[in-house]
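The sequence shown begins at 36 in the numbering used here and counts up by one.
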Amino acid sequence: MHTFYHANDFKLALYVNNGMTNFQSLAFAPMVHVHVNHGESDKLSMVSNQTKSYDKVFVAGDAAIERHRRALIDFDESALVKVGRPQLDIERPVELEPSNARTIMYAPTWEGENESNNYTSVDLFGPQIVEAALQIPNARVIYKPHPRVETSNDPAMTEANARILELLETANESISDESMQHQVLMQGDILAMFDAVDLLVTDISSVGLDFLYLHPEMPLVLTDRRNDTISLNAEAPISRATPIIDQTTADGLELMFQAMLSEDSAAEARLDLRRHYFGEGGKGTSTALFTEAVSKLISARTVALENFHSDDSINAESEDESNGE
Numbered sequence: 036m037h038t039f040y041h042a043n044d045f046k047l048a049l050y051v052n053n054g055m056t057n058f059q060s061l062a063f064a065p066m067v068h069v070h071v072n073h074g075e076s077d078k079l080s081m082v083s084n085q086t087k088s089y090d091k092v093f094v095a096g097d098a099a100i101e102r103h104r105r106a107l108i109d110f111d112e113s114a115l116v117k118v119g120r121p122q123l124d125i126e127r128p129v130e131l132e133p134s135n136a137r138t139i140m141y142a143p144t145w146e147g148e149n150e151s152n153n154y155t156s157v158d159l160f161g162p163q164i165v166e167a168a169l170q171i172p173n174a175r176v177i178y179k180p181h182p183r184v185e186t187s188n189d190p191a192m193t194e195a196n197a198r199i200l201e202l203l204e205t206a207n208e209s210i211s212d213e214s215m216q217h218q219v220l221m222q223g224d225i226l227a228m229f230d231a232v233d234l235l236v237t238d239i240s241s242v243g244l245d246f247l248y249l250h251p252e253m254p255l256v257l258t259d260r261r262n263d264t265i266s267l268n269a270e271a272p273i274s275r276a277t278p279i280i281d282q283t284t285a286d287g288l289e290l291m292f293q294a295m296l297s298e299d300s301a302a303e304a305r306l307d308l309r310r311h312y313f314g315e316g317g318k319g320t321s322t323a324l325f326t327e328a329v330s331k332l333i334s335a336r337t338v339a340l341e342n343f344h345s346d347d348s349i350n351a352e353s354e355d356e357s358n359g360e
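Pasting the structure below:
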């Protein structure tokens, strides 16, 4: 791999995860090593001490910087570079046709690898959320869960998911107009569906923040399986500008959804939080920031390499070590 790097004279590498094989690549000194992660989310898994291994870490905005500050000890914040969310600037073919009905999307996440990373609402509130949404006049319900919800081995998740599918199937039996029918979308690009969504109900994940970036003018509802609003507000700033579904509010969801669709009082607060998460500017701004950041790092590394003796400092294993001698 290092021979390949030398042969192509690369100046910069981008890493989208923290896979163990990254560290073979990180041993190559001439390149700038930049971690970009795979999105922007308030999940615990979004910050890792492995961040310290990279030369630079591209983050969306101030919320991500605060997240790193809370989670890491002895971390040099100068490694963080704000670039917004360039992935969301890409134009995508429409995957959800508009409808004369108001569209309520329920897009929960999965249960995570362990309880600390479990943010799903499916097992606790999923059927209640869908039942309430089905009661809203002139509305269609779109169920778009994380793909791993469908393959979950958790009995509670499996049962709740099956109940949601049953509710939607039963409701469609009395709807002849296909454009008004409720839909189950287990696969597909959720970002390509947001343009047709009037109200999004989701969990703490990248989905709610992506919706905030693309449509801050549209109402958003979040869930909290831990029933701890104070902690949620501290760890997920977006929750400060959204109604919260938890054990104390789950019995009043129909009224909550009606209120959000008819009188959205949190629109201004969401705009402020969009700036907090992603910085100033509309769609397209992030791509410009990302491109500029990459170009600057490449230019700086090109200058630095003029005085760098790469033949003597490739940081690769010696021939003896690679042969196991």
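Every residue gets a Cβ at the ideal spot worked out from N, C-alpha and C, and that includes glycine. Model, not experiment: these values are computed from the prediction.
Here DSSP, grouped into helix, strand and coil, assigns residue 51 to coil. By the C-beta density criterion, residue 78 is buried, having at least 16 other C-beta atoms within 10 angstroms. In the same chain as residue 343, and ignoring 5 residues on each side of it, the C-beta atoms closer than 7 Å to its own belong to 65, in chain order.
Three or more beta-carbon pairs separated by less than 8 Å are not found between the segment 110 to 126 and the segment 178 to 189, which leaves the two stretches without contact. Residue range 190 to 207 is occupied by the alpha helix (DSSP H) that includes residue 192.
Under DSSP, residue 142 shares a beta bridge with 237. Below 8 Å, too few C-beta pairs join the segment 285 to 294 and the segment 262 to 274 to call them touching: fewer than three.
Around the Cβ of residue 232, a 10 Å sphere holds 16 or more other Cβ atoms; the residue is buried.
When DSSP states are grouped into helix, strand and coil, residue 137 belongs to the strand group. From the listed residues 156, 191, 136, 73, the smallest Cα separation to residue 177 is found for 136.
Judged by beta-carbon spacing, residue 144 lies beyond the 8 Å limit of residue 281, meaning their Cβ atoms are not closer than that value. Within the DSSP secondary-structure output, residue 257 pairs in a beta bridge with 237, 279. Between residue 99 and residue 69, the C-beta gap is not smaller than 8 Å, which leaves the two residues out of contact. Under the three-state reduction of DSSP, residue 85 is assigned to helix.
The C-alpha of residue 301 is placed about 11 Å away from the C-alpha of residue 273. The distance from the Cβ of residue 254 to that of residue 234 is about 5 Å, consistent with a contact at the 8 Å cut-off.
Spatial neighbours of residue 324 in its own chain (CB-CB distance under 6 Å, excluding positions within 5 residues in sequence) are listed in chain order as 118, 119. Below 8 Å, enough C-beta pairs join the segment 74 to 88 and the segment 238 to 247 to call them touching: three or more. For residue 178, the enclosing beta strand (DSSP E) has its first and last residue at 174 to 178. Between residue 148 and residue 192, the CB-CB gap reaches or exceeds 8 Å.
For residue 159, the enclosing alpha helix (DSSP H) begins and ends at 157 to 169.
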